[in-house]
Amino acid sequence: MRRYILILIILASIGYNAYSKPIYVRPNWILKYTGDIKLTVYTLKPTSYPIDPKICLEVEVELNNSRNTYKGCYLLKTGHRISGNLPWSVFPLIIPRYLDLNSSIEFDDGEWRSTGFEYIIFKGYGIKTIVFSRGKLYRLYDWNTGLLIKGYISFSGKYYLIELNDTNLEWIYIRYRNFYVDYRNLTIYLMEMNRSYTYVYLHSIGKSVLGNDIWALEIGPRSGRSIVVSSCIHGPEMLGIKVSIYAINRIVSNKTIIDSLKNRNIKLVFIMPLNPDGLEFSKLAPPEREYRGYVRKNARYVDLNRNFNFSWNTQRASADVNAWNYKGPSPLSEPEAVAFSSYIAGEDVIMHIDLHTGEYGVVIPPAYGGKVDKLAEYIGKKIAEMMNLPYYRGSIISAAYLQTYMIYQKGLTLAFIIELHTSDSPRWFERYNVISQSKLNDISEKFYKMIAYFADEFDWNNIKIPEEEPSYSRLAIVTLIAIILAAMIVAIYRMAKQGYRV
Ligand SMILES: [Zn+2]
-17 MRRYILILII
-7 LASIGYNAYS
3 KPIYVRPNWI
13 LKYTGDIKLT
23 VYTLKPTSYP
33 IDPKICLEVE
43 VELNNSRNTY
53 KGCYLLKTGH
63 RISGNLPWSV
73 FPLIIPRYLD
83 LNSSIEFDDG
93 EWRSTGFEYI
103 IFKGYGIKTI
113 VFSRGKLYRL
123 YDWNTGLLIK
133 GYISFSGKYY
143 LIELNDTNLE
153 WIYIRYRNFY
163 VDYRNLTIYL
173 MEMNRSYTYV
183 YLHSIGKSVL
193 GNDIWALEIG
203 PRSGRSIVVS
213 SCIHGPEMLG
223 IKVSIYAINR
233 IVSNKTIIDS
243 LKNRNIKLVF
253 IMPLNPDGLE
263 FSKLAPPERE
273 YRGYVRKNAR
283 YVDLNRNFNF
293 SWNTQRASAD
303 VNAWNYKGPS
313 PLSEPEAVAF
323 SSYIAGEDVI
333 MHIDLHTGEY
343 GVVIPPAYGG
353 KVDKLAEYIG
363 KKIAEMMNLP
373 YYRGSIISAA
383 YLQTYMIYQK
393 GLTLAFIIEL
403 HTSDSPRWFE
413 RYNVISQSKL
423 NDISEKFYKM
433 IAYFADEFDW
443 NNIKIPEEEP
453 SYSRLAIVTL
463 IAIILAAMIV
473 AIYRMAKQGY
483 RV
C-alpha cells in the first residue's frame, strides 16, 4: 500500500513539475502554420502591468474557405487560458522548455506524453525537437524554446496536422550559438564550478518572476569583503556573462590570485544573470532592433535597471509598460531587484561593477551630492585604461539604476558601469553582443586582467591617489610664461642701463 502511495506521489510530482514550468512568449510574434487547417498567430502588446505575467494573442483560423479570428490570454507560469474565446484551455502551440522524456502535459483532450527526440531542419536551422504523443497522434516541439514546429492540433472536436511554415522569429540561440548564453547550460556550468573547487561557493540570491534562480558565484573566503560583478540585467546583453565566465575560468586555476584573495580577506562575487527571464526570452525573438525592448525587460515588462529604490520617480524612466525603459509600478516592485538589494545588504562591498552593452565606456559615478569623487575618478580611469575604453561621468541623479542604488542607498564610492560593446547593426543581437571569436577573446582577456589586478595587486588597505603629474601642455605654458618673464626682465635691465626711466 505504502509503495503505491509513494509511486502515486512520484507520478504526481513528475506531472506537477512539467506543469509548473513556465512558457516563454513575448509580444510581436507572428507564427504561420499551414496544413489541414491554416493558423496565423499574432501575440499582442500588454495594455497594463501584469502582476501575473500573461500573453494575449489573436489567432486567425482558416478552414474550408471560412476564416475566423479568436482571441485569448494565457498565463506564462502555467500556459493556462484566463480569458478569451480561443478553444484551448491549455495553449498547445508553446509548451515549457527543456522537458525530459516521459513528461506529461494535460491538454483539453487529455494527457500527452513525451516519447523521444527528433532533429529537424527548419529555415536552415537544425532544431532538436521533443516528440509528444497521444495514441497515434504526435507533436514536435523545439526542445529549447517549447515552440510547436509540426503536429496534430485539436480544433472543435477534430484533429488537424499543421506545420510551422513562416514566422518573424529568429532562432537566436542557434544562429549565434558561439556567442549566445543559454540559461540552462550556464546553471550547469556554475554548479560544476561549485563542485570542483573548495574556494568556490554558488548560491541563489532569489528567483525571477518566472521562477529562475539568480546566481551568485563567490570565489575566495566566505566572510571576505566583496568585489561584486553583476551582469545581464538586460536580457540581450549576455556578453557580460561571457566575459565573467572567461574570468572565472582563469581565476579559479590561478593559485596566486586565490592565495591573495585569502590573505587579504577579499572575495570576488559574480552575480548572473540578473534578469534570467529576459535572457530566456531572448532565445527566440524577432531579430530587428525595434523589438529588443521586450527581451530586455523582465516577464512583467519592467526594465530592472530602472526599478531600484533611489530616484525612481524621475522623468528619465518611463511609466509606459510598453517602453523599453519602463520603471514598474513602484520601486523594488520586481523580485529580481529585491533579490539583488537584499543580497547586497548583507555584504561588505568594496567595489561593484555592473556589466552592460549597447555603448562603449566606463561610467564613473559622482559622489553623494554630485561632487567629483577623486577616488572613484582615479579607479574609474584605471578600469577604462585597462579595458581600453573611454570613460565618462554619469549624471548626478539619473534614474533608479543599480549603480544609483549602490552609490546613494548602499553608500558605495566605487560603483561602476562598464559598457563593453556596441555596433550599429540593425539586429539587436549584433548590437549588444560581439559576433567574432577574436573580439570576444580580446574583451574577455582585458576584463580578466582588470579583475585580477583588483583581486591580486591593488592595495585595498592603503589606497593612494597619485598626485597628478603636470601634463605636457601645462609644462609648455609654464615654460612660455617663464621665457616671456625672463625676456621682459632682460629688456627692463637693458633699458635701465641705457638710462631710460621706468
Ligand atoms: Zn544594459
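So the sequence shown is numbered by my numbering: it starts at -17 and just counts up by one. Every residue, glycine too, gets a C-beta built ideally from N, C-alpha and C.
*Hey, which residues come within less than 7 Å of ligand 1, measuring from Cβ to any heavy atom, in chain order?*
One residue after another in chain order, those with a Cβ under 7 Å from a heavy atom of ligand 1 are I215, H216, E219, N287, H338, T339, G340.
_For a test of the three-state rule: what should DSSP assign to V320, helix, strand or coil?_
Looking at V320 - three-state DSSP - the assignment turns out to be helix.
*Please check the pair L250 and I227, which I expect to be a contact at CB under 8 Å, by giving their CB distance rounded to whole angstroms.*
Their Cβ separation, rounded to whole angstroms, is 13 Å, which puts L250 and I227 out of contact at 8 Å.
*asked:* Which same chain residues end up closer than 8 Å to V284 when comparing Cβ atoms and leaving out the 5 residues on each side of it in sequence?
replied: The answer, listed in chain order, is Y31, Y308, K309, G310, S315, E316.
*Give the C-beta separation of V344 and A366 to the nearest angstrom, bearing in mind that I take them to be a contact with Cβ-Cβ under 8 Å.*
V344 to A366, Cβ: 4 Å. Contact.
*Pull up the DSSP beta-bridge partners for I12, would you.*
Looking at the DSSP output, I12 shares a beta bridge with Y24.
*Could you name the residues that DSSP lists as bridge partners for R49?*
DSSP, once it has assigned bridges, lists E44 as partnering R49.
*Check G340 in the structure and name its three-state DSSP category.*
Here G340 sits in coil by DSSP.
_Rounded straight-line distance, which links the Cα of L402 to that of M368_ = Their Cα atoms are separated by approximately 12 Å.
*asked:* Let's test the definition: count the other Cβ atoms within 10 Å of the Cβ of M173 and tell me whether it reaches 16, buried, or not, exposed.
replied: By the neighbour-count rule (16 or more Cβ atoms within 10 Å), M173 is not buried but exposed.
_Between L221 and T339, how many whole angstroms is the CB-CB distance? I'm expecting something under 8 Å._
The C-beta separation of L221 from T339 comes to about 5 Å, placing the pair in contact by the 8 Å criterion.
*Helix or strand or just coil, what does DSSP make of Y80?*
Y80 falls in the coil class under three-state DSSP.
_Taking its Cβ as the centre, do 16 or more other Cβ atoms sit within 10 Å of A281, making it buried, or is it exposed?_
Result: buried.
*Going along the chain, which residues of its own chain have a beta-carbon closer than 7 Å to the beta-carbon of K363, five neighbours each way excluded?*
Excluding residues up to 5 positions away in sequence, Y373 lie with their Cβ nearer than 7 Å to the Cβ of K363 in the same chain.
*asked:* Please list the terminal residues of the continuous beta strand (DSSP E) segment that includes F137.
replied: 130 to 137 is the span of the beta strand (DSSP E), which, as asked, contains F137.
*In whole angstroms, what separates the C-alpha of V484 from that of I463?*
With a pLDDT of only 43 at V484, under 50, the local geometry of the prediction cannot be trusted, and no value is derived from it.
*Which one of S48, R63, R49 has the shortest CA to CA distance from C55?*
Here the closest residue by C-alpha is R63.
*asked:* What would DSSP say about S407, mapped onto helix, strand or coil?
replied: Coil at S407, not helix or strand.
*Does DSSP put R207 in a helix, in a strand, or in coil?*
The answer is strand: DSSP assigns R207 an E or B state.
_Own chain residues within Cβ distance below 6 Å of V320, not counting five before or after_ = Result list for V320: L314, in chain order.
*When the Cα atoms are used, what is the spatial distance from E200 to I389?*
Cα to Cα, E200 sits roughly 22 Å from I389.
*Going by CA-CA distance only, name the one from F73, W94, P74, I76 that's closest to L83.*
The shortest C-alpha to C-alpha distance from L83 to any of F73, W94, P74, I76 is the one to W94.
*How far does the beta strand (DSSP E) with S186 in it reach, from first residue to last?*
Here the beta strand (DSSP E) through S186 covers 182 to 189.
*Provide the residue span of the alpha helix (DSSP H) that contains F263, from first to last.*
It spans 258 to 263 - the alpha helix (DSSP H) in which F263 sits, taken as one unbroken run.
*Sort out for me which residues DSSP pairs I144 with in a bridge.*
Answer is G17, G133, bridged to I144.
_Given a cut-off of 9 Å on the beta-carbon distance, is the pair Y165 and W125 in contact?_
No, Cβ-Cβ distance for Y165 and W125 is not below 9 Å.
*asked:* Under DSSP, the beta strand (DSSP E) around V251 begins and ends at which residues?
replied: First-last of the beta strand (DSSP E) with V251: 248 to 254.
*Cβ-heavy atom distance between A327 and ligand 2 below 8 Å?*
Ligand 2 is not part of this structure, which contains only ligand 1.
_Limits of the unbroken beta strand (DSSP E) element including R63_ = Run containing R63: 63 to 66, per the beta strand (DSSP E) assignment.
*Helix, strand or coil for K392 per DSSP?*
K392 falls in the coil class under three-state DSSP.
*When the Cα atoms are used, what is the spatial distance from K244 to P203?*
The alpha-carbon atoms of K244 and P203 are separated by roughly 6 Å.
_Span of the beta strand (DSSP E) around E88_ = Counting along the chain, the beta strand (DSSP E) containing E88 begins and ends at 86 to 89.
*asked:* Output needed for E44: all residues of its chain with C-beta closer than 6 Å, excluding positions within five of it in sequence on either side, in chain order.
replied: Same-chain partners within the cutoff: K20.
*asked:* Please tell me whether N498 and N10 are closer than 9 Å, where the distance is taken between their beta carbons.
replied: Because the chain here runs from -17 to 484, residue 498 falls outside it and cannot be looked at.
*Report the three-state DSSP secondary structure of A473 (helix, strand or coil).*
In the structure shown, A473 sits in a helix (DSSP, three-state: H, G or I).
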